[in-house]
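Asker: The structure under discussion is supplied below as structure tokens; questions concerning it will follow.
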Amino acid sequence: MGKRTDCGAAARSPGLPGHGHPTSVKVIEPHPPDPTWPRYSTRPFPSYRFLPGNNPHPRRNPLGHSYGQPEPKPMAFSTAQWQTSEEYLYGIDLYNYAYWWECHEIFEGLWHAVGHHTEQGNFFQALIQFAAANLKRFTGHHRAAGNLVTNGIVRLQKIPTLYMGIDVPRLTQDFRQHLVDSDFRTPLIGLHEQEPA
6 MGKRTDCGAA ARSPGLPGHG HPTSVKVIEP HPPDPTWPRY STRPFPSYRF
56 LPGNNPHPRR NPLGHSYGQP EPKPMAFSTA QWQTSEEYLY GIDLYNYAYW
106 WECHEIFEGL WHAVGHHTEQ GNFFQALIQF AAANLKRFTG HHRAAGNLVT
156 NGIVRLQKIP TLYMGIDVPR LTQDFRQHLV DSDFRTPLIG LHEQEPA
């Protein structure tokens, strides 16, 4: 999970009309750090990655990829049952494939469902902060990104070593490396059924 790649890679998406962009304008989207990374959910990805101010807001703009769809209302689940939560698995997929705004929405729904002041809520808040940090870094807000990563790392220090499939020390180390080395690939989240070797 810690190999070095071009963390600034971006993909062009077709320009979308509305929201201040003519159809001929190309919006630069983040590119997945590893497009061969395993998927954990079968749910399809949205048609584009939302970048605030650059393409249609997914829910508010009629051209948004989730316009007219109900807000996600994920159900709480026990930490031992993480593999049964389609929302959680989809949120991890969204994160790994650089749909950072979209995964933030999923994790925020789960954070509300499990309670803000629970261990699980603390964990989801760390994931929210990491997703937001990646989006901030991509849009050039490096100081804000660094603050979000630091806060997420602090939150993970209160979480068991293997939590809901995530190797917490490994993820923490990857984010620490990402903070100090701009060439270090955006950390990805692998899910494990048991303690990694």
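Residue numbers (the numbering used here): 6 to 202.
In this text, a Cβ means the ideal position worked out from N, Cα and C, and glycines have one as well.
#1: Closest by CA to T155, which one among A118, L176, Q125 and Y168?
#2: Could you say if the stretch 96 to 114 and the stretch 72 to 84 meet the contact criterion of at least three C-beta pairs nearer than 8 Å?
#3: Can you give me the start and stop residues for the alpha helix (DSSP H) that K141 sits inside?
#4: So, with DSSP's three-state summary, where would you put I33?
#5: Could you spell out where the alpha helix (DSSP H) holding G120 opens and where it closes?
#6: Take L167 as the anchor and find which of T47, G126, P40 and A85 has the nearest alpha-carbon.
#7: What is the rounded straight-line gap between the Cα of D179 and the Cα of N152?
#8: If you count every other CB in all the chains shown that lies within 10 Å of the CB of R160, and 16 or more means buried, which is it?
#9: Pull up the distance between the alpha-carbon of Q125 and that of G145, whole angstroms please.
#10: Cα separation between H117 and S83?
#11: Quick check on this structure: which residue in W42, S90 and L140 has the alpha carbon closest to the alpha carbon of G58?
#12: Pick helix, strand or coil for S167, following the three-state DSSP scheme.
#13: Would T191 be called buried (16 or more neighbouring beta carbons within 10 Å of its own) or exposed?
#14: Apply the 10 Å Cβ neighbour rule to R44 and answer buried if 16 or more other Cβ atoms are within range, or exposed otherwise.
#15: Under the rule that 16 or more other beta-carbon atoms within 10 Å means buried, what is H36, buried or exposed?
#16: Measure the alpha-carbon distance for G120 versus Q182 and round it to whole angstroms.
#17: Which one of P49, G195 and R148 has the shortest CA to CA distance from V185?
#18: Taking A137 and H109 to be in contact with their CB atoms under 8 Å, please state how far apart those CB atoms are, rounded to whole angstroms.
#19: To the nearest angstrom, how far is it from the Cα of Q130 to the Cα of P165?
Answerer: Looking at the coordinates:
#1: Start at 1 with the first residue of the sequence shown, and residue 155 comes out as number 150. Ranking the options by Cα distance to T155, first place goes to L176.
#2: yes
#3: Sequence index remark: in the sequence shown, residue 141 carries index 136 (1-based). E124 to F143 is the span of the alpha helix (DSSP H), which, as asked, contains K141.
#4: Position 28 of the sequence shown, counting from 1, holds the residue named residue 33. Note: I33 maps to strand in three-state DSSP.
#5: Taking the first residue of the sequence shown as position 1, residue 120 is located at position 115. Here G120 belongs to no alpha helix (DSSP H), and DSSP marks it neither H nor E.
#6: Taking the first residue of the sequence shown as position 1, residue 167 is located at position 162. Residue A85 is the option with its Cα nearest to L167.
#7: As a working note, residue 179 is residue 174 in the sequence shown. As a working note, residue 152 is residue 147 in the sequence shown. C-alpha separation (whole angstroms): 16 Å.
#8: As a working note, residue 160 is residue 155 in the sequence shown. The residue is buried, with at least 16 neighbouring Cβ atoms inside 10 Å.
#9: In the sequence shown, the residue the question calls residue 125 occupies position 120. In the sequence shown, the residue the question calls residue 145 occupies position 140. Their Cα atoms are separated by approximately 30 Å.
#10: Start at 1 with the first residue of the sequence shown, and residue 117 comes out as number 112. Start at 1 with the first residue of the sequence shown, and residue 83 comes out as number 78. When rounded, the distance between both Cα atoms is 14 Å.
#11: Position 53 of the sequence shown, counting from 1, holds the residue named residue 58. For G58, the nearest C-alpha among the options comes from L140.
#12: For the purposes of this step, residue 167 is taken as residue 162 along the sequence shown, with counting starting at 1. Ser is not the amino acid found at residue 167; the sequence shown has Leu there. Residue state, collapsed to three classes: strand.
#13: In the sequence shown, residue 191 corresponds to position 186, counting from 1. Counting Cβ neighbours within 10 Å, T191 comes out buried, since at least 16 surround it.
#14: Here the question's residue 44 lines up with position 39 in the sequence shown. So R44 counts as exposed.
#15: Here residue 36 refers to the residue found at position 31 of the sequence shown. Classification for H36: buried.
#16: Reading the sequence shown from its first residue, position 115 is the one you call residue 120. Reading the sequence shown from its first residue, position 177 is the one you call residue 182. So the alpha carbons of these two residues sit roughly 30 Å apart.
#17: For this step, residue 185 is matched to residue 180 along the sequence shown. Per the Cα distances, R148.
#18: Along the sequence shown, read from residue 1 onward, the residue named residue 137 stands at position 132. Along the sequence shown, read from residue 1 onward, the residue named residue 109 stands at position 104. That belief holds up - the Cβ atoms of A137 and H109 are roughly 6 Å apart, short of 8 Å.
#19: Position 125 of the sequence shown, counted from the start, is the residue given in the question as residue 130. Position 160 of the sequence shown, counted from the start, is the residue given in the question as residue 165. The straight-line gap from Cα to Cα measures roughly 15 Å.
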